[in-house]
Amino acid sequence: QIASVEVKEGPFDVTQFGSLGGAINVVTKDPSKGVHGEVSATLGSYDYRKVGATLEAGNDAVQALVGYSRETSGQYKDGDGKTMAEQADSAITAGQRYSAAHKNDDAYERENFWTKIVGNIGDSQKLTLSYFGDRADNVLYARYPMDALMDDTDMFKAKYQFFGLGRYSDELSIEAYHSKVKHDMGTDFRAGATSPSATMVSLVDATIKGVRAENTASVAEADVTVGIDLSTRNWNGTKGTRVNPYAQVQIPDADTDNLGIYAKAVRTFGALDVSAGLRYDDTSVDADQALMAAAKDRDYDNVSANLLGRYHYSANGNLFVGAGQSVRVPDARELYFKDMGNTNLNETINREIDAGVEHTFGNLHVKGTLFFSDIKDYVYAYKVAGSTTSFANIDARIVGGDVSADYALNKEWSIESGVAYQRGSKKDTNQLDSLATLPQTDKDLADIPPLKGRVALVFNDERHYAEAEWIAARHQTYDENNGEQAIGGYGILNLKYGTDFDNGFSLSAGINNFFDRTYAVSNSYIGLTTISEGAQPLILNEPGRNFYATLAYRF
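The working numbering runs 611 ahead of the 1-based position in the sequence shown.
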């Protein structure tokens, strides 16, 4: 159901609340006219199974689609042949290991269903209604001492668009959405759950709902967009029912209410394209103090802004430079999570400069970008003492860049390549050292990806597609004071092939991690854990060599 994924780098999107260093927009497919459909089946390593079907139909006035898929998978094995449960055995306590009855359980089972209806009301109005549902059960979380007994998601969205209303409105859209997640974690599959009284559970519900109105128009040779959005995000961790500590309140039914007003404009001056954006946010975070006395309410008022210029110095190349400020307020987990939250957290402010160049040399296309990010009051998880952790505001900086180069060998063959690097550091370790009993001397910022590169040889003649892809990464910098551990570099080879037959059938297949390498990509920053915050988190290896094949029929 995904048509495309738009990735916007840097603090240059004022339309989204809390867009600190970039924005990702997932665009779903619109149904088409006529009657069309697809059925598919996928088989893969580790007993992976998936079946799916989509049906769409429509005329000039109304188009609709519905879809369904179901998938299950056993536990994958890493390059050393160890399952997820076997990897966990070496790192967590005896009671947290998987019990004999569940040691070989499937990794998960999951169902998706979705629908989208588009109604064209004359030539100047359009109504779009969409829904997506996800039902995941018995999901093994080997890195944590709990697993997801249930993980249910429902996403509703309605959008009404008016076109050509007049001189000051090329398009006016009004959008409403409501998403909810029910996430029940428990120790039912672990060795320590020897009786109901020895079984822990953590029940958390999360919802977000909102409305947005946005108008675009051409004003004084500029494309201008103005908008207003209102949203409420709720986290409710008050429903634990079995045994300490998770019968206690985890997050005290907290609402984050936001009112945002924004404007952006784009104008061309000869060879120069200029864009600018401005946003104001009024945010309040309100928690139920009857459930957690220390959960005081917070209010935040913030301004985000940016300016970006792109100069086309020739028909084949351009360079750009931009600066911006973006803001993210602390979420309910960071403020209120039991025994870890900090109700005195300030909002995080990112001030960033981006610059880059893009040029085409015949069959070669090259793009390079550099950025410098100065972050004030970054919300950071740290070890206080022993297994006790908390959140604090620190000042930090991240610098980095990336280069991509694509070369067309001929009409069918091409080479794709890219490399990216970032380095994050704390400006002053004394900010944490003064709060923690344990020394805080490591200046490395946690959760920073290593130097990573990709090169791929691609064949595509519109009927056959083949790709050989090599992905490699160096060892990762890590914050030893706050749970991160050393991870070595790696290199893996992935192969894929696909073909379309003349009768509506298509086949695609691939091998990931062809050389069966043992490698990991996460080095266990304590801020990424959700249950056992203070424990030394397990480094879980990625899957070893694995195969997949999909047969599909379209009509």
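Ideal Cβ placement from N, Cα and C applies to all residues, glycine included.
Just so you know, these numbers come straight off a predicted model, no measurement behind them.
As a beta-bridge residue in DSSP terms, Thr739 pairs with Val729, Lys770.
A straight line joining the alpha-carbon of Ser680 with that of Lys661 spans about 7 Å. Per the C-alpha coordinates, the member of Gly920, Asp866, Lys714 positioned closest to Ala898 is Asp866.
According to the DSSP assignment, Gln861 belongs to no alpha helix (DSSP H), since it is labelled neither H nor E.
Secondary structure of Met695 (DSSP, three-state): helix.
Distance from the CA of Arg778 to the CA of Tyr891, rounded to the nearest whole angstrom, comes to 26 Å. Residue environment for Ser808: exposed (fewer than 16 other C-beta atoms within 10 angstroms of its C-beta). Taken through DSSP and simplified to helix, strand or coil, Gly706 comes out as helix. In terms of CA proximity to Asp1127, Tyr687 leads the group Glu1023, Tyr687, Gln1051. Contact annotation: Gln936 and Ala966 have beta-carbon atoms that are not nearer than 8 Å. Approximately 21 Å separates the beta-carbon atoms of Thr971 and Gly933; this is outside 8 Å, ruling out the contact. The C-alpha of Val835 is placed about 14 Å away from the C-alpha of Asp884.
A residue is called buried when at least 16 other Cβ atoms come within 10 angstroms of its Cβ; His1075 does not meet this threshold and is exposed. With a cut-off of 8 Å on Cβ pairs, the region 1066-1082 is in contact with the region 1015-1035, counting three or more such pairs.
In this structure, Tyr1101 lies near Tyr1130, with their beta-carbon atoms less than 8 Å apart. In the DSSP assignment, Asp1044 falls within the unbroken alpha helix (DSSP H) covering 1041-1044. With a cutoff of 8 Å on beta-carbon distance, Gly706 and Met757 are scored as not near each other. In the three-state scheme derived from DSSP, where H, G and I count as helix and E and B as strand, Ile1137 is classed as helix. Less than 8 Å divides the Cβ of Leu676 from the Cβ of Thr665.
Its Cα nearest to that of Leu841, the residue Arg823 stands out among Arg823, Val729, Ser780, Ala828. Comparing alpha-carbon positions, the option among Ala831, Asp763, Ala1084 lying closest to His794 turns out to be Asp763. Between Asn961 and Ile986, the gap from beta carbon to beta carbon is short of 8 Å. Contact between Gly1012 and Leu981 holds, with the beta-carbon distance rounding to 4 Å and staying under 8 Å.
Ile1150 and Asp716 have their C-alpha atoms roughly 20 Å apart. Shown here, Tyr947 sits in a helix according to DSSP, grouped into three states. Taking 8 Å as the cut-off, the Cβ atoms of Leu1056 and Ile1009 count as close. Excluding its 5 nearest sequence neighbours in each direction, Asp893 has C-beta neighbours in its own chain below 6 Å: Leu870, Asp912, listed in chain order. For Asp908, the secondary structure class from DSSP, reduced to helix, strand or coil, is coil.
Taking the Cα of Thr639 as reference, the smallest distance to any Cα among Thr694, Thr739, Tyr659 is reached at Thr739. Cβ atoms of Ile1005 and Gln1033 stay farther apart than 8 Å, at about 17 Å. Shown here, Glu963 sits in a strand according to DSSP, grouped into three states.
Ranking Ser1117, Tyr1108, Leu919, Gly690 by CA distance to the CA of Glu963 puts Leu919 first. Here the alpha carbon of Glu786 sits roughly 43 Å from the alpha carbon of Asn1124. A direct Cα-to-Cα measurement between Leu1118 and Asn826 gives close to 44 Å. Residue pairing for Ser829: DSSP places it in a beta bridge opposite Asp834. Counting of Cβ neighbours within 10 angstroms places Glu617 among the exposed residues, the total staying below 16.
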